Each structure stands twice: as C-alpha cells, then as structure tokens.
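Colleague: Numbering (my numbering), first residue to last: 181 to 426. Just so it is clear, CB atoms sit at the ideal spot from N, CA and C, and this is done for glycine as well. These numbers were taken from a predicted model, which means no experiment stands behind them. Here you go, one structure.
Have a look at this one:
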C-alpha cells in the first residue's frame, strides 16, 4: 500500500506543470522526514537535564528504547547524542538518498522498512510479545536499505566537522552490534571529541571526554549542517524529476 500510494502521488505530479510537480513532490516527501521533531526531542532531553536528573531520564525514555531508570547524567546525554546521530541517517539522509535514486516510491519503501524495524525488529520479548520471527524481515530490510546511507551520513559529519580520520572512524563504527548505526554515532563521537557508550555493549571513542551540555548543542549544529547538505540534494532531485517528467 505504501508503494502504491507513493507511485500514485508521483504519477499525479508528472501530470502537472513542472513547478507544480516540484511543489507536490516536495510536499509528499516532507512527511517522510523527521528532522524538526528529532532536534526538538534531543534538545528537550538537555533542557530536562538542566532541571533534574530524573526529569532528563524521563524525557530520554520518550526518545530511546533502552531502560533509562538508573542512567547517570553523562549516560543520559550520551544516549541522546547517539540517538541524534543514528536518527540523522534514519530520518533524513536515508529517505533523501532513496528519493534521489527512485523518487517518492524509493523514499516511501525505506521509511516503511525503517518504521517496521523500529516497531517489530526486536529479538526475544518486548511488551510481553515475542517479535523474533515477525521482526526479522523488517530488521534485514532496514539493514540493507540503510547500509550505504549510514556511511554517507558519517562522511557528511566528517566533512562538516573536519579532523576525523577515516581509518579511526571505520574501526570505531564496527564496535556496535548494528552494521549501520555505529557509523553516524562514531562520526559524531569523533567530531565532538567525546566518548559515547552503551554500558556492557560498546564504547565509541574511548579516549574521549564525557559529553557536557555544550557538546549536546554542538552535536545539533553538526547534524543541522548535514541536514542542509541533504536538503540541497533533495531539492536538486525534485527539480530534476519534475523537469524529466513524462
């Protein structure tokens, strides 16, 4: 249904004059991107931390799936920055990447796979339901579709922040269980010069310092620069698709 709807909207755009076609494509693409909400939620965690640790934990629980009950202040901030970096790919770069290649159908299929993975792609029990088999297809599809965009996101963070060694980035990115999320998270850790970790699972840039409030703001600035680059690519693709419409 998602693919069919996207194909219909793109076909309808192709029936319009070029300027109207570009406008319709842009409006249809916008709901598949979630940068404003992501930035707002990450900043809300930092604002809540300024009030109290408990408030920060509660706000973070709205953003991530891990248990935030016993996290220290540094761990709350680390988790928020990690979520920002990971979702920078999932919510902006990857859907735009697939839009550039295949138009609205490409972006729609990616968002469907990514959302399905977030909802079903869990191993073992979640909320009393075993999603092991039901979620495998979603997790595998998301891994495949995110593979290249995640690395592009990391390279864009490298470009906007300067000073990141690609060999170090590659080594750090492979520390996470996910084949993709480690790339933007490692790039953000190296760009900020901070340590990001999930206790008992991985530590990215272990020689870095614990992130502070200024690092949370700088992370948002770096991500915003990547978003600008991605949106410029999207605008170019929209105009090109509208120009080449049949």
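So, helix, strand or coil for residue 237, using DSSP?
Modeller: Here residue 237 sits in helix by DSSP.
Colleague: Which value, in whole angstroms, describes the spacing of the CA atoms of residue 317 and residue 342?
Modeller: Using only the alpha carbons, I get a separation of about 37 Å.
Colleague: Short check: CB of residue 239 to CB of residue 224, under 8 Å?
Modeller: Contact: yes.
Colleague: Nearest chain D C-beta to residue 292 closer than 8 Å, yes or no?
Modeller: Among the chains of the structure shown, chain D does not appear; only one protein chain is present.
Colleague: Since residue 213 is in the alpha helix (DSSP H), which residue starts that stretch and which ends it?
Modeller: Careful: residue 213 lies outside any alpha helix (DSSP H) and carries neither H nor E.
Colleague: Could you check what DSSP says for residue 223 in three-state terms: helix, strand or coil?
Modeller: Reduced to three states, the DSSP call for residue 223 is helix.
Colleague: Report the option in 326, 338, 197 whose CA atom is closest to the CA atom of residue 405.
Modeller: Residue 338 is the option with its Cα nearest to residue 405.
Colleague: Quick check on this structure: which residue in 292, 374, 383 has the alpha carbon closest to the alpha carbon of residue 213?
Modeller: The shortest C-alpha separation from residue 213 is found at 292.
Colleague: Could you tell me the alpha carbon to alpha carbon distance between residue 195 and residue 204, rounded to whole angstroms?
Modeller: Answer to the nearest angstrom: the Cα atoms are 11 Å apart.
Colleague: In three-state terms, what does DSSP make of residue 378?
Modeller: If DSSP states are grouped into helix, strand and coil, residue 378 belongs with the strands.
Colleague: Within this structure, are the beta carbons of residue 330 and residue 363 separated by less than 8 Å?
Modeller: Closer than 8 Å, so yes.
Colleague: Rounded to whole angstroms, how far is the Cβ of residue 361 from the Cβ of residue 266, which I believe are closer than 8 Å?
Modeller: Contact flag correct, Cβ pair sits at about 5 Å.
Colleague: Name the two residues that bound the continuous alpha helix (DSSP H) containing residue 188.
Modeller: Looking at the DSSP string, the run of the alpha helix (DSSP H) that includes residue 188 is 182–194.
Colleague: Under the three-state reduction of DSSP, which class applies to residue 384: helix, strand or coil?
Modeller: Of the three classes helix, strand and coil, the one that applies to residue 384 here is strand, per DSSP.
Colleague: Following the continuous alpha helix (DSSP H) through residue 273, name the residue where it begins and the one where it ends.
Modeller: Run containing residue 273: none; DSSP gives neither H nor E here.
Colleague: Alpha carbon to alpha carbon, how far is residue 415 from residue 207?
Modeller: Between residue 415 and residue 207, the C-alpha separation is close to 11 Å.
Colleague: Quick test of your reading: residue 190 and residue 283, contact by CB under 8 Å. State the CB separation rounded to the nearest angstrom.
Modeller: That pair is a contact at about 5 Å.
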